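Going down the list, the protein sequences come from chains A and B.
Position one of the first sequence corresponds to residue 6 (this note's numbering), numbered consecutively onward.
Position one of the second sequence corresponds to residue 20 (this note's numbering), numbered consecutively onward.
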Amino acid sequence: MALIEVSHLQKSYGAIRAVKDVSFSVERGEVVGFLGPNGAGKSTTMKLLTGYLRPDAGSAVVAGFDVTENPVAAKAHLGYSPEGAPAYGEMTVREFLRFAAELRGLADPAQRVADTLKLCRLEEVAGQAVDTLSKGYRMRVGFAQAVIHDPAVLILDEPTDGLDPNQKFEVRRILKDMAARKAVIVSTHILEEVGELCTRVIVIAQGEVRCDESKERFLKRGADLNQVFRQLTA
Amino acid sequence: MSDTSASPTPRAGAAFWAVLRREFAGYFRTPLAYVFLAVFNAFAISLAFFVGNIYEAGVASLDRFFLYHPWLWAFLAPAAGARLWAEERRQGTIELLLTWPVTVWQAALGKFFAAWLFLGCALLITLPMAFTVCYLGDPDVGVIVSGYVGSFLCAGACLGIAAIASALTRSQVIAFVTGFLACFVLVLVGYGVFDELLAGAFGPSGQIELRWRGVSVLLTQEEIRRLGLWRNLEPFTLGLIDLRPTAYFLTAAFAGLGLSTLIVERR
């Protein structure tokens, strides 16, 4: 059974149909690159998948639990970092992660926090307020709260946005380490990331899936990925 | 971190307590809490002394101290409650909170009780006032306790209104101002000048008939007066814990909590 099953999702904001009819599924071990221009419906699809928004039609199933019908169980198996990695700015990194662990009802939250700080290389800023961190650290804090419970499904909305090359490398390294055991969806603008990070590519434009194929096939579409992207999303 | 089946479905209570603890501690993470507590204390005591002339009255009772509490809560409950949801929206953390395994109701209850508890702390800090009265005279301690209970319930009612205001906007300032105005109306209802205005509107009969498509409702001035905060707090300051004012405060508090939660749920 696939860890993520999305079928015929639809969502409108007033007259704007942000997601028209999106279906796909993701198996364990897959890292899906979610590509598409701004406003294509990537973030909305992620918000529907994580249960933040309710779909107008269609369904999203995470680890066997329907997100609309059984949201708490679905969310327990889900790690999500929204765009811009929001966090409670006045808390320290350790307090914030501790809160995430306690809210999720994890056994031995202190140990989980320590493990996650280590995994995401946040130990040196653990005592700092999130608001005082640089963008690179902030993104890692967002990532850390998403993996603290070692979820089966990981959904990251532009996790490398605004990071410098070293920081991007760092995030990719952590993702690769854990990818084999999870179903991962990563949205990105950066086409080069596809080759380094993903096993599969889904291109979304105007609320529709334009392409859903393995990384290898996607890379064979042309030498200039920007050109490929423009054609697919036109 | 070895197995992907390690994510339990958390107990409902765990999420509630985690939110409550975070929110309560959150007040003290910024200087705001201390400013708030100081302002509340300063106003509560100076209003009682300089406006209420509690000292000159020569009676060992706190009714002149509680007299100004509806005004204080109308101002300070929205100040404390403005951040409930507005801050989550501004920081974008609402998207985190609501994609964690917690229902909107658990989160809303945790937030609301944390804020109410914080207002309770503000009230507790005024206890030296009660001790002073006890030292200087021989007041009825039961009456003082019931006054404090009433004031705490009144705070909850104002907080309920503030929660609705906070759920509607991402700006704490707008949440505060709307919350304050709504509470302010409830303070004014039943007060001297406003009561006269109301009497003018109702005319000599003291009642107005509202008609709509054959349905008619008879509204009396007395019924409006009953909505006033002081009208409901007054019995408590006299030592009466009555069912009607208690129900009034609790209804306002929990209706506000419920409505604000529905607003957040409909995002």
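Glycine included, each C-beta is placed from N, C-alpha and C at the ideal position.
The model shown is predicted, which means the values in this text are computed figures rather than measured ones.
Nearest neighbour of L91/B by Cα position, chosen from I113/B, V206/B and L257/B, turns out to be V206/B.
When only Cα atoms are considered, K173/A and T121/A end up about 18 angstroms apart.
From the listed residues D155/A, E32/A and L138/A, the smallest Cα separation to M96/A is found for L138/A. Shortest Cα-Cα distance from P254/B to any of V192/B, G166/B, V212/B and G275/B involves G166/B. Contact between A90/A and M144/A holds: their C-beta atoms lie close to 5 angstroms from each other, under 8 angstroms. With distances taken between CA atoms, G247/B lies nearest to F268/B out of F131/B, F268/B and L237/B.
Spanning the alpha carbons of M6/A and V234/B requires a straight line of approximately 59 angstroms. Proximity of the stretch 269-284 of chain B to the stretch 174-191 of chain B meets the contact definition, three or more beta-carbon pairs being nearer than 8 angstroms.
Excluding five sequence positions before and after V72/A, the CB atoms of its chain that fall closer than 6 angstroms to its own CB belong to G56, A65 and A79, given in chain order. Chain-ordered listing is empty here: chain A has no CB closer than 8 angstroms to the CB of Q191/B, the nearest sitting near 13 angstroms. Around L136/B, no beta-carbon contact reaches into chain A at under 9 angstroms, the shortest distance being about 17 angstroms. In this model, E74/A and L53/A are separated by some 13 angstroms (Cα to Cα). Comparing alpha-carbon positions, the option among A99/B, V70/B and V38/B lying closest to V54/B turns out to be A99/B.
When Cβ-Cβ separations below 8 angstroms define contact, Q240/B makes no contact with chain A. Those residues of the stretch 41-61 of chain B placed with their C-beta closer than 9 angstroms to a C-beta in chain A are R41, A44, G45, R48 and T49, ordered along the chain. Residue pairing by DSSP places I9/A opposite V31/A and V67/A in a beta bridge.
In its chain, beyond the 5 residues on either side, A151, V152, P156 and L159 have a beta carbon closer than 6 angstroms to the beta carbon of G84/A. Not a single CB atom of chain B sits nearer than 8 angstroms to the CB of R235/A. Residues are counted here when their Cβ sits less than 8 angstroms from a Cβ of chain A; for the stretch 103-114 of chain B these are Q110, G111, T112 and E114, given in chain order. Using a CB distance cut-off of 8 angstroms, L117/B counts as an interface residue toward chain A.
With a threshold of 8 angstroms between beta carbons, Y93/A makes contact with chain B. Taking I260/B as the centre and dropping the five residues before and after it, the same chain places the C-beta of S165 closer than 6 angstroms to its C-beta, in chain order. Residue contact check for A33/B against chain A: a CB pair falls below 8 angstroms. Separation of the CB atoms of L116/B and A126/B is rounded to 6 angstroms, and the pair is thereby assigned contact status at 8 angstroms.
V98/A places its beta carbon less than 8 angstroms from that of A131/A.
In the three-state scheme derived from DSSP, where H, G and I count as helix and E and B as strand, G38/A is classed as strand.
Shown here for A105/A: same chain residues with a beta carbon closer than 7 angstroms to its own, the five before and five after excluded, namely Q150 and I153 in chain order. Annotation: F148/A has no Cβ neighbours in chain B at a cutoff of 9 angstroms; minimum Cβ distance is about 12 angstroms. For Y267/B, the enclosing alpha helix (DSSP H) starts and ends at L262 to E284. Between F39/A and chain B, the shortest Cβ-Cβ separation is not below 8 angstroms.
Take the alpha-carbon of T50/A and the one of T193/A: they are about 14 angstroms apart.
The stretch 55-66 of chain B and the stretch 140-157 of chain B touch, with three or more beta-carbon pairs separated by less than 8 angstroms. A37/B belongs to the set of residues whose beta carbon lies under 8 angstroms from a beta carbon in chain A.
Within the stretch 33-60 of chain A, the residues whose Cβ lies closer than 9 angstroms to any Cβ of chain B are, in chain order, R33, K52, T55, G56, Y57, L58 and R59. Residues of chain B whose Cβ lies closer than 7 angstroms to the Cβ of L196/A do not exist; the shortest such Cβ separation is about 26 angstroms. Within the model, the alpha-carbon separation for G110/A versus M183/A is close to 22 angstroms.
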